[in-house]
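Residue numbers (full-length UniProt numbering): 1 to 259.
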């Protein structure tokens, strides 16, 4: 077994830009939802004329969906808030004519109203329902996979002690937010999925990459907890947690009645 110091040094050197999780192969397992988000997004992209991906990360998921679609919408756009990811997304989406704009996760979308017939997002940190509704064209669709309540809570609690679990990411809050913005919720699917880590480096890289799990995480600050995690994995063979995901599809009616 690698020493704790070796594993933490490896974790500190690992890249964390974008949403490519191939580094974790063989070191962690995150079970995928049964509905196949990228495939379903690709199906919708085939018939879209103007598509926007919100909080696109490094553009990896949208690139996969566009490749699967085979037919590229006339307009492809994305937003992202983190400058290193913006550079990755521009490179990933350039072959599709994609334009990537910098935009805060909780801010306005830099596009005119009624622009897109498809708005998508995979794991947004926050869903800005009013802005999504504003940029959707009448009859347009919002199609997304959101992170649900309690995701990786066992990891959070191990690192920070028991934490309250709020309902900010709940399906009901999403339904309410979409409807308040004047959108019709046409489909919701939920799944609880396995999350396992097989060495402490994988835990540390995950927390560096998915920053809302332990918001103030650094390897130095949480070294005692990481040492305890290393011992736990050595004893149990893995650290086991779970994630929650839900697929949500909404439609903007031709007359928007809510705000």
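Idealized CB from N, CA, C, for every residue including glycine.
Taking a contact to mean a Cβ-Cβ separation below 8 Å, would you say residue 189 touches residue 246 in this structure? Between residue 189 and residue 246, the C-beta gap is smaller than 8 Å, which places the two residues in contact.
N- and C-terminal bounds of the alpha helix (DSSP H) containing residue 66: 60-69
Residues of its chain near residue 238, where Cβ-Cβ distance is below 8 Å and the 5 sequence neighbours each way are ignored: 196, 197, 198
Cut-off 8 Å between Cβ atoms - residues of its own chain near residue 24, not counting five sequence neighbours on either side: 30, 202, 205, 206
Best match in 63, 51, 50 for proximity to residue 38 [C-alpha to C-alpha]: 63
When you compare each of 179, 130, 69 to residue 274 by their alpha carbons, which one comes out closest? Look at the range of the chain in this structure, 1 to 259, and you will see that residue 274 is not part of it.
Report the rounded CA-to-CA distance for residue 3 versus residue 231, giving the unit in angstroms. 11 Å
For residue 151, name the three-state secondary structure that DSSP assigns. coil
I need the straight-line Cα distance from residue 156 to residue 229, nearest angstrom please. A straight line joining the alpha-carbon of residue 156 with that of residue 229 spans about 12 Å.
Confirm, please, whether the CB-CB distance from residue 178 to residue 250 is below 8 Å. yes
What separation, rounded to the nearest whole angstrom, lies between the Cα atoms of residue 80 and residue 227? So the two alpha carbons sit approximately 34 Å from each other.
For residue 121, count neighbouring Cβ atoms within 10 angstroms of its own Cβ and tell me buried if that reaches 16, exposed if not. Residue 121 should be labelled buried.
Every unbroken beta strand (DSSP E) inside the UniProt domain "Methyltransferase type 11" (52-143) [3 residues or more]: 75-80, 99-102, 116-122
Across which residues does DSSP place residue 246 in a beta bridge pair? 146, 190
Please state whether the Cβ-Cβ distance between residue 140 and residue 252 is less than 8 Å. yes
Out of 105, 248, 101, which has the shortest C-alpha to C-alpha gap to residue 186? 248
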